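Here the structure comes first, spelled out in structure tokens, and everything after it is commentary.
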Ligand code: SF4
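Numbering (the working numbering), first residue to last: 10 to 203.
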């Protein structure tokens, strides 16, 4: 897997100050995408063991609330194969921090149905992700007043509550703010880096 960017102090893509990893490769090709260069799976740099250690180190300070995954598309099968074990490691090292993920795929119809490659790997991704912002960016539904999403069709899903109750549970921001969290800003697009 390649990645486009790592932001070590990102306040726009999830609650609090976060480390954000923008992976390369996306087959959605949404109209109005702000980062079409990341559609190419070969764009950017290799996601090596050294890069993974750099992210682990960046996640260590107490003021960092967690890791955010963006793209590109983290749920492309080739990207999942690399990200799933990495997320398992991050969660084991930092169980108190949250993992957010932005995806153009749909939670129920794509991720829970095993359509995105190896279903065991998708399950491992979902076991480790706390919050999922799902759905393609739809230019006609773009709304810059939305927090943490680019267009109004996208949803902010509490993945662990959804899996535990076998139903869709949207994220309840009010009950999730803690002392480390600070106000983020709204984003354009799907969270792919703008
Ligand atoms: S907006 Fe996001 S999901 Fe859509 S093409 Fe761009 S990177 Fe892919």
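Note that the Cβ used here is the ideal one computed from N, Cα and C, for glycine as well.
Predicted model only: the values in this text are computed from it and were never measured.
Any alpha helix (DSSP H) of 4 or more consecutive residues that is wholly inside the stretch 78 to 142 = 86 to 102 and 128 to 137
Applying the criterion that 16 or more other CB atoms from any shown protein chain within 10 Å of the CB defines a buried residue, is residue 93 buried or exposed?
-> buried
The stretch 76 to 88 touching the stretch 113 to 123, judged by at least three CB pairs closer than 8 Å = With three or more CB-CB distances shorter than 8 Å, the stretch 76 to 88 counts as touching the stretch 113 to 123.
Taking all protein chains shown into account, decide if residue 28 is buried (16 or more other Cβ within 10 angstroms of its Cβ) or exposed.
-> Taking every protein chain shown into account, the CB of residue 28 has 16 or more other CB atoms within 10 angstroms, so this residue is buried.
If you measure from the CB of residue 110, is any heavy atom of ligand 1 nearer than 7 Å?
-> No, ligand 1 has no heavy atom inside 7 Å of this Cβ.
Taking the continuous alpha helix (DSSP H) assigned at residue 68, which residues delimit it?
-> 58 to 68
Less than 8 Å between the CB atoms is what I'm expecting for residue 108 and residue 75, so what's the real figure, rounded?
-> 6 Å
State the Cα-Cα distance for the pair residue 61 and residue 138, rounded to the nearest angstrom.
-> 17 Å
Would you call the stretch 145 to 165 and the stretch 30 to 47 touching, i.e. three or more CB-CB distances under 8 Å?
-> yes
Shortest alpha-carbon distance to residue 35 belongs to which of 151, 179, 22 and 12?
-> 12
Using 10 angstroms around the beta-carbon of residue 153, count the other beta-carbons present and answer buried if the total reaches 16, otherwise exposed.
-> Counting C-beta atoms within 10 angstroms of its own C-beta, residue 153 has fewer than 16 neighbours from the protein chains shown and is therefore classed as exposed.
Mind checking whether the beta-carbon of residue 22 lies closer than 7 Å to any heavy atom of ligand 1?
-> no
List the endpoints of the continuous alpha helix (DSSP H) containing residue 172.
-> Per DSSP, residue 172 belongs to the alpha helix (DSSP H) from 168 to 174.
With a threshold of 7 Å, establish whether the CB of residue 53 neighbours any heavy atom of ligand 1.
-> no
In this structure, what does DSSP give as the bridge partners for residue 27?
-> 19 and 75
Cα separation between residue 33 and residue 176?
-> 31 Å
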